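Structure first, commentary second.
4 protein chains.
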Amino acid sequence: MNHEFNRHKPIYKQIMEHICQDIVRGTYEHGDKLPSVRDFAVQVGVNANTIQRVYQELERDGIVESKRGQGTFITENEERINVLKEEMKKEIVQRFITDMMKMGFTYHEMMTTIEEEAKNDDSS
Amino acid sequence: MNHEFNRHKPIYKQIMEHICQDIVRGTYEHGDKLPSVRDFAVQVGVNANTIQRVYQELERDGIVESKRGQGTFITENEERINVLKEEMKKEIVQRFITDMMKMGFTYHEMMTTIEEEAKNDDSS
Amino acid sequence: MNHEFNRHKPIYKQIMEHICQDIVRGTYEHGDKLPSVRDFAVQVGVNANTIQRVYQELERDGIVESKRGQGTFITENEERINVLKEEMKKEIVQRFITDMMKMGFTYHEMMTTIEEEAKNDDSS
Amino acid sequence: MNHEFNRHKPIYKQIMEHICQDIVRGTYEHGDKLPSVRDFAVQVGVNANTIQRVYQELERDGIVESKRGQGTFITENEERINVLKEEMKKEIVQRFITDMMKMGFTYHEMMTTIEEEAKNDDSS
DNA sequence: GTGGTCTAGACCACA
DNA sequence: GTGGTCTAGACCACT
């Protein structure tokens, strides 16, 4: 499988985000094993060094833990995952609100807009 | 006035966005004159070339028009401005929705979250 | 009447070209009087200085002659006009041929292309 | 090699045109790697920033693609190249025809003129 | 004074 | 080494 990457954002960050999304969505659970660096690199079609960096940064953030000779695992620390979820949600929401406000929209208009999208989604 | 710039995004893009926000919010109207390249550069504390690039890209996008020896102006084409507003809104909203969905949130949860932020804002 | 000018070419040159085209096409004849600087400026909607420069350069080229207190006239020198026509034609043709050759077209293809345009023009 | 540039046209545009001509003529094919910004700059004797701009504008036009840390490549999109060829041809031909018409020439005269040039070229 | 182009040289992130 | 951004300062043409 060949993933599409956004040109204007570091690939390693995009992969990091993707993993985090999988975690908070429940696709990965605490303690799950991640693919090996090499396998993962082949799967997404990037250099192994790039995946290496992804795992490093995720470990630095306490999201994953690498065990020598065994592989890399989602942290057993459930609280860390909850915090991650809140962090990500907050960042996305805050960004949305400030961007919309800079354009002059009110909270009411923001909610209406999302409601409309929800309807479009239903009917499609 | 000395503006703060996000270190992970080109300054010229941040300035472009800022101008576009001013336009859709109504701070600038169609036909309005923008500051000269050099004046604007001094105002925001960047090099004149950076502003030059901002104006160039905005002109390519049909948002402003540069007139020789006279200055740079918001386009007279009101329709273009309406389109700009829709484009910007759509991009922000779509981004928000897809990011939230990737994390597993429903439309309902998205709206609830914003509602909560609105309340916090009131009381603050 | 408000003329449209090409942004990326000096206005005075565009006006010069326009006058020369009128001359070689026969719209102006040798000895004809051109509009006064001010009238012409109003007609085409530019600054009078710009027209002033147009007349100056045309006079330098021997295309027009200005007579004090009377106005500006197309030269009486018919030979000069014939030379002008040849110069302009040659420039246009040479430019066309070299541009097409740079793209890899043959003389035969150039003529075919023009033939096609001629047909489209007929039927339209 | 030291190239000659037309003083009345931005160097970056002249280089852009040159590259496009190489593409439509087949000197470059889809997927080919272009010289690095710095190498190209040395080759044509201009500043690296000028080449940078050339690549940027070509990328915006969908003609080339820049890949981080790898280089700049002609697009893999063959259709885009075909469109480019048609665009360039059309622009040149239309310009020739309108210029000649403004001077009062007929389609027949245009073709005769080119035919004559072709003969001169043969005998030279 | 206005926009537009170019240079020289620096620094950064990515691979 | 590769593209990308930014600065400082210069020069040009147009008005």
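Protein chains in written order, with the working numbering: chain R, 9 to 132; chain S, 9 to 132; chain V, 9 to 132; chain G, 9 to 132.
The beta carbon of each residue, even a glycine, is placed where N, CA and C say it ideally should be.
Because the structure is a prediction, the values reported are computed rather than measured.
- Contact of S/Phe104 with chain R by beta-carbon distance below 7 Å involves Ile100, Phe104.
- Secondary-structure assignment with DSSP links S/Thr80 through a beta bridge to S/Ser74.
- In summary, R/Thr80 is buried, with 16 or more beta-carbon neighbours lying within 10 Å of its beta-carbon over all protein chains present.
- According to DSSP, V/Lys41 shares a beta bridge with V/Phe81.
- Straight-line spacing of the CA atoms in R/Ile82 and S/Arg103 works out to 27 Å.
- Against G/Val32, the close residues of chain V are Met111, Gly112, in the order they occur along the chain (beta-carbon pairs closer than 8 Å).
- The Cβ neighbour count for S/Arg68, taken over all protein chains shown within 10 Å, is under 16; the residue is labelled exposed.
- Taking the beta carbon of S/Gln29 as reference, the chain R residues within 7 Å of it are Lys110, Met111, listed in sequence order.
- For S/Tyr36, no alpha helix (DSSP H) segment is defined, and its DSSP state is neither H nor E.
- For R/Ile89, the closest alpha carbon among the candidates R/Val54, R/Gly77, R/Gly39, R/Gly112 is that of R/Gly39.
- R/Asp107 counts as buried, since at least 16 other C-beta atoms from the protein chains shown sit within 10 angstroms of its C-beta.
- Here G/Arg103 carries a helix assignment [DSSP, helix/strand/coil].
- Contact between the segment 21-29 of chain G and the segment 57-71 of chain G is present, with at least three C-beta pairs closer than 8 Å.
- Distances from the alpha-carbon of G/Glu73 to those of G/His16, G/Met118, G/Pro43, G/Glu94 put G/Pro43 closest.
- Straight-line measurement puts the Cα of S/Thr35 at about 53 Å from the Cα of G/Met118.
- The three-state secondary structure of S/Asn14, taken from DSSP, is coil.
- R/Val32 is a Cβ neighbour of S/Gly112, given a cutoff of 8 Å.
- With a contact defined as Cβ atoms closer than 8 Å, V/Val52 and G/Ile122 miss out at about 33 Å.
- In the DSSP assignment, S/Val62 falls within the unbroken alpha helix (DSSP H) covering 56-68.
- By the neighbour-count definition (other C-beta atoms within 10 Å, threshold 16), R/Val54 is a buried residue.
- For R/Tyr115, at least one C-beta of chain S is nearer than 8 Å to its own C-beta.
- Taking C-beta separations shorter than 7 Å and ignoring five residues to either side along the sequence, the partners of S/Asn14 in its chain run Gln22, following chain order.
- By the neighbour-count criterion, in which a residue is buried when 16 or more other Cβ atoms sit within 10 angstroms of its Cβ, S/Val50 is exposed.
- At the C-beta level, R/Tyr115 and S/Ala126 come within 8 Å of one another.
- Across the structure, V/Glu95 and V/Asn85 are spaced so that their CA atoms are roughly 16 Å apart.
- The three-state secondary structure of G/Thr121, taken from DSSP, is helix.
- Proximity to V/Lys93 across V/His26, V/Lys17, V/Glu12, V/His16 peaks at V/His26, based on C-alpha coordinates.
- Counting other Cβ atoms within 10 Å of its Cβ, G/Arg61 reaches 16 or more and is therefore classed as buried.
- Nearest to R/Glu124 by alpha-carbon distance, out of S/Phe48, S/Lys75, S/Lys97, is S/Lys97.
- DSSP places G/Phe113 in the coil class of the three-state scheme, outside both helix and strand.
- Listed in chain order, the non-local C-beta contacts of G/Ile59 below 6 Å within the same chain comprise Val45, Phe48, Ala49, local neighbours out to five positions each way being set aside.
- About 29 Å separates the CB atoms of S/Gln78 and R/Lys110; that is not less than 8 Å, and the two are not in contact.
- For V/Asp40, not one C-beta of chain G is nearer than 8 Å to its own C-beta.
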